[in-house]
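Engineer: Below is a structure I'd like to ask you about.
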Amino acid sequence: MRRTERFVVEGANSLWHIYKTVSFWKVMKNFIVIQLGRYSPSLSFKNFLYRHFLHMKVGDETSFALMVMPDVMFPERITIGKNSIIGYNTTLLAHEYLINEYRIGEVWIGDRVLIGANSTILPGVNIGDDAIVSAATLVHKDVPAGSFVGGNPMKVIYTAEEMATRRLMQPEKTS
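Heads up: the sequence shown at position 78 corresponds to 75 in this note's numbering, and the numbers run straight through without jumps.
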């Protein structure tokens, strides 16, 4: 099970309770900042926006491709290590609103992680250092360090050990 805090609601579905959960003005500010970041071609500008206005923890040389969608309500719960790539149109969620409850959780992405385009990272998930997440993957559980994962539902395609063996078997490139 993912590491999330669960909050039960009564009456209307949990999304109708949104502004009891988070301030309207915080969501409005975050939305504007995220939209600027989604369309900006400047990697350093995106990191500046996300660190200073959304209070995300973003490591040096981390790259957000175009159209990446950080969580609009709780971006401060997202941590991304150094020298990672978040692929085109990926969604990073630190919340989920269900019918009778909502959940909030930290998202932790390690150093040198590659997340392929159109992936979705759910709240309460840790992605270990040097992991690779294939394009269009729903990350619904932790990803072990050094592994290669993909699919919906996400599965481990290669473990860290298998990835190391594959790298050793690749022929050296000469210039």
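Glycine included, every Cβ here is placed at the ideal spot set by N, Cα and C.
It should be emphasised that the depicted structure is a prediction, and the values quoted were computed from it without experimental measurement.
#1: Check the DSSP bridge columns for residue 147 and list the partner residues they point to.
#2: So does the stretch 109 to 123 actually touch the stretch 131 to 145, counting three or more Cβ pairs closer than 8 Å?
#3: Which residue's Cα is closest to the Cα of residue 66: 2, 79, 27?
#4: Could you tell me if residue 36 is buried or exposed, where buried requires 16 or more neighbouring beta carbons within 10 angstroms of its beta carbon?
#5: Specify whether the stretch 7 to 15 and the stretch 84 to 96 touch according to this definition: at least 3 beta carbon pairs, one from each stretch, less than 8 Å apart.
#6: Is the beta carbon of residue 82 less than 9 Å from the beta carbon of residue 54?
#7: Are the CB atoms of residue 128 and residue 142 nearer to each other than 9 Å?
#8: Grab me the residues of residue 123's own chain with a C-beta within less than 6 Å of its C-beta, minus the 5 sequence neighbours each way, in chain order.
#9: Can you tell which of 74, 5, 100 has the C-alpha that lies nearest to the C-alpha of residue 89?
#10: Would residue 100 and residue 162 be called neighbours here (beta carbons separated by less than 9 Å)?
#11: From what residue to what residue does the beta strand (DSSP E) around residue 2 run?
#12: Mark residue 42 as exposed unless 16 or more other C-beta atoms lie within 10 angstroms of its C-beta, in which case mark it buried.
#13: On the premise that residue 85 lies in contact with residue 63, defined as a C-beta separation below 8 Å, what is that separation, rounded to the nearest angstrom?
Structural biologist: In short, the structure shows the following:
#1: 152
#2: yes
#3: 27
#4: exposed
#5: yes
#6: no
#7: yes
#8: 105, 139
#9: 74
#10: no
#11: 2 to 5
#12: exposed
#13: 6 Å
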